[in-house]
Amino acid sequence: MILQIASTFTAAPISASLERTLVETGVVDGLGFVAYARISEYMLAPPADWSQIAGTLVLVRVEDWVRDLLKSTPPATGASAAWEEVRRTLRVSVDDFVNQLSSLAERGKQVWFLACPSTGWISERHKIGVLCRTYTNLLTACVEELSGITTLPCPPAWFAEDWNDRGADRLGQLPFTQETFDRLGAFTGGQIAGTLRGGAGDLACGVSENSPALAAYLESLRVHVQLTTADRSHRSQVDRFLRTAAAFTLTGEKRDISEAEIDALLESESCLLVNVSDRFSDHGPSGLVTFRQEGNSLVVRAMALSCAVLAKQVEHAVLAALIKIAAGRACRQLEFPYRASERNQPILGFLMAVAGNATDGKYVLPLDVAEARLNAAAVSAGAWTVEISRDLENSSVHQDDLG
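Sequence positions in the sequence shown follow this note's numbering and run 2 to 404.
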């Protein structure tokens, strides 16, 4: 099985670091590349070797959509003379690309999508960086609404000015330095391995193969998870996670949640935002957890995480924090009420890995075995740190300190 890379630019230099991460972990046998001129054709019609493709990594720079329009236009007049045509082309391209990507995802193989910054030769030459950022954000928002696609975050620190290669971009649509391609390959490889490790195309996020290469990669990420109490100033973020989180959530999307329900969660003082950072980027708020204590149980009422951070073991770090909080309240167990939806199978795999089978619709994790089960479920146990809000637990803990 191979991973196919479809990009709007020449992406061949990503091969070494991406293949090293994926092939050495055993999740794919190799890589394939779609020429940027044929990306639409690939997404709309399956190639002859479709049965051998485990999934597709799609890399996009929106400035590539206006390259033919602007590459021969003198920079002194290009941006002003062609401005409306550039806007129209970007707008139409976003719509067309989203439809094509949806067609690709509907064929049943996993798709990963990453929007790269448009800071290359065309953007710089014609001073359309702000416009490109606007349409990059629009494209990402549209893709996040599609099913079967994992949207990966773009670590902005990788794309500083000195990591563009505008000379190579001008000559061969080769936008980045080799160092940037290496970082991009290591990052996307870790994300993809985290999805495929349960089997090609499988979205399960639970127990994975014991891969030394993947474990080493996760250790190198230095993931830090901070749980902070949400208040009314975080209302829009809480609302977004509850309504739109689909894959890693206990109840699925809650698009019909009322304003009063959100207010009640924020006033409960047990609604926590999950903030995530690693050595590459600060991802900011990436999920939420709400809980209440019922007798000897800490009942997790809601748990939702962005798919973009799951392959980093963030779900394991959040569980480590919940174990710590439950122990501090003298609870004997954690309870996770689960309600199946169309798209929340990934969290089910995780719950089964740490808590076994459900009883009356609840997954119960006894605290006396919680640490051992967490360690067994994680690829690289202890590769994260967790910081808990002062009003919950005044401590910053490493997995080795829990128990």
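All residues carry an ideal CB built from backbone N, CA and C; glycine is no exception.
How would you call lysine 128, buried or exposed, if buried means at least 16 neighbouring beta carbons within 10 angstroms?
-> Your numbering for residue 128 matches position 127 in the sequence shown. Lysine 128 is exposed by the Cβ-count criterion.
Is there contact here, the stretch 110-123 with the stretch 164-184, by at least three beta-carbon pairs under 8 Å?
-> Segment contact: the stretch 110-123 against the stretch 164-184, three or more CB-CB distances shorter than 8 Å; contact assigned.
Buried or exposed for alanine 384, please, with buried defined as at least 16 other CB atoms from any protein chain shown within 10 angstroms of its CB.
-> Residue numbering aside, residue 384 sits at position 383 when the sequence shown is read from its first letter. Within a 10 Å sphere around the beta-carbon of alanine 384 sit 16 or more other beta-carbons, which makes this residue buried.
For histidine 93, is the classification buried or exposed, using 16 other Cβ atoms within 10 angstroms of its Cβ as the cut-off for buried?
-> Counting from 1 along the sequence shown, the entry for residue 93 is found at position 92. Here residue 93 turns out to be valine, not histidine, going by the sequence shown. Exposed.
Taking the C-alpha atoms as reference points, what is the distance between leucine 139 and valine 95?
-> On the sequence shown, position 138 is the one that residue 139 refers to. On the sequence shown, position 94 is the one that residue 95 refers to. In this model, leucine 139 and valine 95 are separated by some 8 Å (Cα to Cα).
Cβ neighbours of leucine 45 in the same chain (closer than 6 Å, five flanking residues each side left out) = Indexing the sequence shown from 1 puts residue 45 at position 44. Excluding positions up to five away in sequence, the list reads Gln101, Ser104.
Might you give, ordered along the chain, the residues of its own chain that have their beta carbon closer than 8 Å to the beta carbon of glutamate 220, omitting 5 neighbours on each side?
-> Taking the first residue of the sequence shown as position 1, residue 220 is located at position 219. Ser381, Ala384, listed in sequence order.
With DSSP run on the structure shown, which of helix, strand or coil describes proline 76?
-> Residue mapping note: residue 76 aligns to position 75 of the sequence shown, counting from 1. In this structure, proline 76 counts as helix in the three-state DSSP scheme.
Since threonine 151 and threonine 196 are thought to touch, with beta carbons under 8 Å apart, how far apart are those beta carbons, to the nearest angstrom?
-> Position 150 of the sequence shown holds residue 151. Position 195 of the sequence shown holds residue 196. Yes, they are in contact, since the Cβ atoms of threonine 151 and threonine 196 sit about 7 Å apart, within 8 Å.
What residue from Glu372, Gly31, Phe351, Leu375 has the CA that sits closest to glycine 190's CA?
-> Reading the sequence shown from its first residue, position 189 is the one you call residue 190. Ranked by how close their Cα comes to the Cα of glycine 190, the residues Glu372, Gly31, Phe351, Leu375 have Gly31 in first place.
Looking at alanine 328 and leucine 274, is the spacing between their C-beta atoms short of 9 Å?
-> Working through the sequence shown from its first residue, we reach residue 274 at position 273. Working through the sequence shown from its first residue, we reach residue 328 at position 327. Not a contact, by the Cβ cut-off of 9 Å.
Please name the residue in Leu23, Ile3, Ile40, Glu146 whose C-alpha comes closest to that of threonine 9.
-> Start at 1 with the first residue of the sequence shown, and residue 9 comes out as number 8. The residue with the shortest Cα to Cα distance from threonine 9 is Ile40.
Are the CB atoms of valine 387 and alanine 305 nearer to each other than 9 Å?
-> Within the sequence shown, the letter at position 386 stands for residue 387. Within the sequence shown, the letter at position 304 stands for residue 305. Taking 9 Å as the Cβ cut-off, valine 387 and alanine 305 do not qualify as a contacting pair.
Where the beta strand (DSSP E) through methionine 304 begins and ends = Here residue 304 refers to the residue found at position 303 of the sequence shown. Unbroken beta strand (DSSP E) run through methionine 304: 298-306.
Straight-line Cα distance separating alanine 379 from phenylalanine 114 | Along the sequence shown, read from residue 1 onward, the residue named residue 114 stands at position 113. Along the sequence shown, read from residue 1 onward, the residue named residue 379 stands at position 378. Going from the Cα of phenylalanine 114 to the Cα of alanine 379 covers about 25 Å.
Mind checking arginine 233: buried by the 16 CB within 10 Å criterion, or exposed?
-> Locating residue 233 in the sequence shown gives position 232, where the first residue counts as 1. The C-beta of arginine 233 has fewer than 16 other C-beta atoms within 10 Å across all chains shown, which makes the residue exposed.
Using a threshold of 9 Å, state whether the C-beta atoms of alanine 1 and arginine 330 are closer than that.
-> The first residue shown for the chain is 2 and the last is 404, placing residue 1 beyond what the model contains.
Does DSSP put proline 347 in a helix, a strand or coil?
-> As a working note, residue 347 is residue 346 in the sequence shown. Three-state result, proline 347: helix.
Alanine 318 versus serine 298 - alpha carbon distance = Residue numbering aside, residue 318 sits at position 317 when the sequence shown is read from its first letter. Residue numbering aside, residue 298 sits at position 297 when the sequence shown is read from its first letter. When rounded, the separation of the alpha-carbon atoms in alanine 318 and serine 298 is 20 Å.
Should isoleucine 3 and alanine 12 be called a contact, given that it needs their Cβ atoms to be closer than 9 Å?
-> Indexing the sequence shown from 1 puts residue 3 at position 2. Indexing the sequence shown from 1 puts residue 12 at position 11. No, they are not a contact pair.
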